[in-house]
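J.: Please find one structure pasted underneath; my questions will follow.
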DNA sequence: GTAGGGTCTGTAGCAACTACAGGATCAAGG
DNA sequence: CCTTGATCCTGTAGTTGCTACAGACCCTAC
């Protein structure tokens, strides 16, 4: 006879981790900050997860993969949890995040332009003169 | 007569901050982690900065603007401080950093592609159906 | 019954700052 | 000379998104 077993889909924490690919400690972290609900516990205090937890963790993980902050995911989840969300509301969160992503890309591209241009002027030799150091020290390039 | 004044270019912390555009607290932080040297102090313990500090802080700040980590900047500084650096050494640090930046750009662009494609399919209406939520829940798009 | 895993909690660490609190000190005006 | 307000000092805690312990408990299989 099995004790402490409320159904075929009761997962331990390591099962949930394996199934979702999420780090074990990260699951606890998501619970501690309220992204994941506190799961029911066995008599001895061990967490027991059901299919709803798997779904929710997948949601959170996909959100993170798309670069949403935990705050944004919280917003998305609360829309969904409310049960009366609209596409327009979700889209707005998405569009805002998209703009942030695009701004980051532009920022990195600006850095990339300076870096690659500067490095392309490096001789790579054993002399101390270096265009990259010139940029960092703001010494104007020798014209 | 001026007391506590060892030259025309002795700066207080707020002067250094203003002159470089660096946050006041950040200067202390850089000192605490060794990116900036501990400056000499006045009799009462107030920091006094000279031109060398301005130069070094500018170096650090330009490095940060180019996205170098503090560890990388530490590396660059130790090359320069050693006094016998070569362009090849500096270039290698720069090239490595460039690759990191390019990888970040690619990562963000992949995110951007998914996000903008998904959001473009949003109707923005008051219905709960939403392509972005579909992606997050991994519900396959209705074909 | 015991060995080995897994689980529990709390805490500290990472990067790179930023922001206080609570006190000392300085510079200028009266 | 004294007050006032700005600036300085230190130490500590907060931020984001985890990750990694330590030390105790528990659970399962042999």
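Chains as they are written, first to last, in UniProt numbering: chain L, 1 to 143; chain D, 1 to 143.
Idealized CB from N, CA, C, for every residue including glycine.
#1: Is the CB of residue 124 of chain L under 8 Å away from at least one CB in chain D?
#2: Is the CB-CB distance between residue 35 of chain D and residue 70 of chain D below 8 Å?
#3: Locate the alpha helix (DSSP H) running through residue 50 of chain D, then write down its first and last residues.
#4: Under 8 Å, Cβ to Cβ, is there at least one residue of chain D near residue 63 of chain L?
#5: Give a yes or no on whether the C-beta atoms belonging to residue 131 of chain D and residue 118 of chain D are separated by under 8 Å.
#6: Give the DSSP-derived three-state secondary structure of residue 82 of chain L in the structure shown.
#7: How far does the alpha helix (DSSP H) with residue 13 of chain L in it reach, from first residue to last?
#8: Go through its chain and collect everything with a Cβ distance to residue 33 of chain L's Cβ below 8 Å, but skip five positions before and after it.
#9: Listed in chain order, which residues of the region 77-105 of chain D have Cβ atoms closer than 9 Å to some Cβ of chain L?
#10: Is the beta carbon of residue 87 of chain L less than 8 Å from the beta carbon of residue 57 of chain L?
#11: Determine, using beta carbons only, whether residue 47 of chain D and residue 13 of chain D come nearer to each other than 8 Å.
#12: Under 8 Å: do the region 76-83 of chain L and the region 99-109 of chain D share three or more Cβ pairs, one atom per stretch?
#13: Check whether the Cβ of residue 137 of chain D lies closer than 8 Å to any Cβ atom in chain L.
#14: Using the three-state DSSP reduction, which class does residue 41 of chain L fall into: helix, strand or coil?
#15: Indicate the three-state DSSP secondary structure (helix, strand or coil) for residue 138 of chain L in the structure shown.
#16: When burial is assigned at 16 or more other CB atoms within 10 Å of the CB, is residue 24 of chain L buried or exposed?
#17: Residues of chain L with CB closer than 8 Å to the CB of residue 112 of chain D, please, in chain order.
#18: Report buried or exposed for residue 91 of chain D, applying the criterion of at least 16 other Cβ atoms within 10 angstroms of its Cβ.
T.: Walking through what the data contain:
#1: yes
#2: yes
#3: Here residue 50 of chain D belongs to no alpha helix (DSSP H), and DSSP marks it neither H nor E.
#4: yes
#5: yes
#6: helix
#7: 13-20
#8: 70
#9: 79, 80, 83, 84, 85, 86, 87, 88, 89, 90, 91, 92, 93, 94, 95, 97, 98, 101, 102, 104, 105
#10: no
#11: yes
#12: no
#13: yes
#14: strand
#15: coil
#16: exposed
#17: 98, 101, 102, 105
#18: buried
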